[in-house]
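A.B. asks:
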Amino acid sequence: MYEPLNETTEADIHVISNNEKNSCWISFILSSTSRSLRIKCLLMALLPFWTMELTPEMVKRAESELGETPTVKKKALETLRDLIENEEGFHIPTDDSYLLRFLRAKKYDVKRSFKCIKSYYGLKSTYPQMFSNVPSDIKELLEKNFLYLTMNRGFNGEGVLIFLLGQVDENLLTVEDLFKAGVLTADIGVETEISQVCGSSLIFDFKDVTLKKLAYISTPKCLSLLVKGLQVKIKSKNFS
1 MYEPLNETTE
11 ADIHVISNNE
21 KNSCWISFIL
31 SSTSRSLRIK
41 CLLMALLPFW
51 TMELTPEMVK
61 RAESELGETP
71 TVKKKALETL
81 RDLIENEEGF
91 HIPTDDSYLL
101 RFLRAKKYDV
111 KRSFKCIKSY
121 YGLKSTYPQM
131 FSNVPSDIKE
141 LLEKNFLYLT
151 MNRGFNGEGV
161 LIFLLGQVDE
171 NLLTVEDLFK
181 AGVLTADIGV
191 ETEISQVCGS
201 SLIFDFKDVT
211 LKKLAYISTP
221 KCLSLLVKGL
231 QVKIKSKNFS
């Protein structure tokens with residue numbers, strides 16, 4: 001069973017080692033006979049998850065991958081805000097930092113961003129019990145130890161979310177419980193600009209997962225809600 005990831009562990013190494021550009025550097029670290037040295041080297045290279053500001057490299061990446069420039073950002077924010085304000089009965093936050101999470105997720109395609117916002121709020125309206133949560137509301141659920149957000153980012157700046165599916169007890173947890181925890185974690189994570197630009201990686205650990213459990217957690221409803229509710233780019237999915 002995994003311990004809470006309050007330091008870089010083998011899970012972080014797995015994500016990093018998938019990056020071929022860093023294979024030589026990783027080989028050096030993994031060949032070290034000192035585990036503490038390996039951990040120190042990795043921590044030096046990986047940003048803490050809660051790093052708030054984009055690095056100069058990430059600013060360039062936002063421009064090359066998302067088409068983000070000061071001019072594009074300003075125009076897109078104005079257009080998206082107009083669409084929201086002109087939508088009858090649609091009252092949501094329209095501050096720049098909030099709207100940017102949707103614009104970046106859709107590479108500044110304003111129409112797709114607006115559609116994503118309406119879909120997201122449609123889900124919140126249909127399933128309020130799954131979206132209207134703060135960590136304290138589902139403290140007992142989060143303590144079931146099936147979902148971890150690593151404290152350090154991957155090599156490309158992405159957040160790393162680990163689902164320990166074998167820890168899910170289908171006799172105690174409902175599909176709604178799983179979604180509550182997943183969407184709350186994603187909502188909190190996407191608040192950071194780095195996650196909006198660099199996206200996230202998902203690791204699904206299938207140790208001790210039976211066919212019965214897999215069928216239980218892979219219902220069409222759960223998968224549909226997960227896909228529609230995400231506002232962040234998924235950079236990679238790892239299954240182990």
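Residue numbers (this note's numbering): 1 to 240.
Glycine residues also receive a C-beta, built at the ideal position from the N, C-alpha and C atoms.
1. Taking G122 as part of the alpha helix (DSSP H), name the residues at either end of that continuous run.
2. I'd like the list of long-range same chain contacts for E158, defined as Cβ closer than 7 Å, with 5 residues on each side in sequence excluded.
3. In the DSSP assignment, find the unbroken beta strand (DSSP E) run with I162 in it and report its ends.
4. Spatial neighbours of L54 within its chain, please: CB distance less than 8 Å, with the 5 preceding and 5 following residues excluded, ordered by chain position.
5. Tell me the DSSP secondary structure of Y98 in three-state form.
6. Return the Cβ separation of L149 and L161 in integer angstroms, given the expectation that the two are a contact with Cβ distance under 8 Å.
7. Can you give me the C-alpha to C-alpha distance between I92 and N86, rounded to a whole angstrom?
8. Taking the DSSP output, what are the residues bridged to L149?
9. Cutting at 8 Å between CB atoms, please list the residues of its own chain near L77, excluding the five before and the five after it.
10. Taking only three categories from DSSP, how would you classify Y2?
11. Give the secondary structure of A181 by DSSP, where H, G and I count as helix, E and B as strand, and everything else as coil.
12. Tell me whether P48 sits in a helix, a strand or coil according to DSSP, three-state version.
13. Got a sec? Which residues, its chain only, sit under 7 Å from A215 by beta carbon, not counting five neighbours each side?
14. Suppose the cutoff is 7 Å on Cβ atoms and the five residues either side in sequence are ignored; what does the same chain contact list for A181 look like?
15. Find the nearest neighbour of K207 within the set L184, G166, L123, judged by alpha-carbon distance.
16. What residues in its chain sit with their C-beta under 7 Å from that of L37, if we drop five residues either side in the sequence?
17. Does the beta-carbon distance from E57 to M130 come in below 8 Å?
18. Helix, strand or coil, according to DSSP, for S31 in the structure here?
19. Thinking C-alpha only, which one of V183, M151, N152, N145 is nearest V168?
20. Distance check for S119 and K75, CA to CA, integer angstroms please.
C.D. replies: Checking against the coordinates, here is how it stands:
1. Counting from one through the sequence shown, the residue named residue 122 turns up at place 122. Annotation: the continuous alpha helix (DSSP H) that includes G122 extends over 110-126.
2. Start at 1 with the first residue of the sequence shown, and residue 158 comes out as number 158. For E158, same chain residues with a beta-carbon under 7 Å away, outside a window of 5 residues either side, are C198, G199, S200, S201, K235 in chain order.
3. The sequence position of residue 162 within the sequence shown is 162, counting from 1. Counted as a single uninterrupted DSSP element, the beta strand (DSSP E) harbouring I162 occupies residues 159-164.
4. Mapped onto the sequence shown, residue 54 falls at position 54. A62, E193, I194, V197, listed in sequence order.
5. To locate residue 98, count along the sequence shown from 1; it is residue 98. Y98: helix per DSSP, three-state reduction.
6. In the sequence shown, the residue the question calls residue 149 occupies position 149. In the sequence shown, the residue the question calls residue 161 occupies position 161. So it is a contact: roughly 6 Å between Cβ atoms.
7. Working through the sequence shown from its first residue, we reach residue 92 at position 92. Working through the sequence shown from its first residue, we reach residue 86 at position 86. Straight-line spacing of the CA atoms in I92 and N86 works out to 12 Å.
8. Position 149 of the sequence shown, counted from the start, is the residue given in the question as residue 149. DSSP output for L149 lists L161 as bridge partner(s).
9. Here residue 77 refers to the residue found at position 77 when the sequence shown is read from its first residue. Correct list, in chain order: D96, L99, L100, L103.
10. Mapped onto the sequence shown, residue 2 falls at position 2. In this prediction, Y2 has a pLDDT of 36, which is less than 50 and means its spatial position is unreliable; what the coordinates show is noted afterwards. In the structure shown, Y2 sits in coil (DSSP, three-state: anything other than H, G, I, E or B).
11. Within the sequence shown, numbered from 1, the residue matching residue 181 stands at position 181. Note: A181 maps to helix in three-state DSSP.
12. The sequence position of residue 48 within the sequence shown is 48, counting from 1. Note: P48 maps to strand in three-state DSSP.
13. Looking up residue 215 in the sequence shown gives position 215. There are no such residues.
14. Start at 1 with the first residue of the sequence shown, and residue 181 comes out as number 181. For A181, same chain residues with a beta-carbon under 7 Å away, outside a window of 5 residues either side, are I138, L141, L142, L147 in chain order.
15. By 1-based counting over the sequence shown, the position of residue 207 is 207. Comparing Cα positions, the closest option is G166.
16. If you number the sequence shown from 1, residue 37 lands on position 37. For L37, the pLDDT reaches just 46, beneath the cut-off of 50, and the residue's location in the model is therefore unreliable, although a value from the coordinates is still provided. There are no such residues.
17. Residue 57 sits at position 57 when you count from the first residue of the sequence shown. Residue 130 sits at position 130 when you count from the first residue of the sequence shown. The answer is no: Cβ separation not under 8 Å.
18. In the sequence shown, the residue the question calls residue 31 occupies position 31. Residue placement at S31 is flagged as unreliable, the pLDDT there being 43, under the threshold of 50; a coordinate-derived value is accordingly withheld.
19. Residue mapping note: residue 168 aligns to position 168 of the sequence shown, counting from 1. Ranking the options by Cα distance to V168, first place goes to N145.
20. Within the sequence shown, numbered from 1, the residue matching residue 75 stands at position 75. Within the sequence shown, numbered from 1, the residue matching residue 119 stands at position 119. Straight-line Cα distance between these residues: approximately 23 Å.
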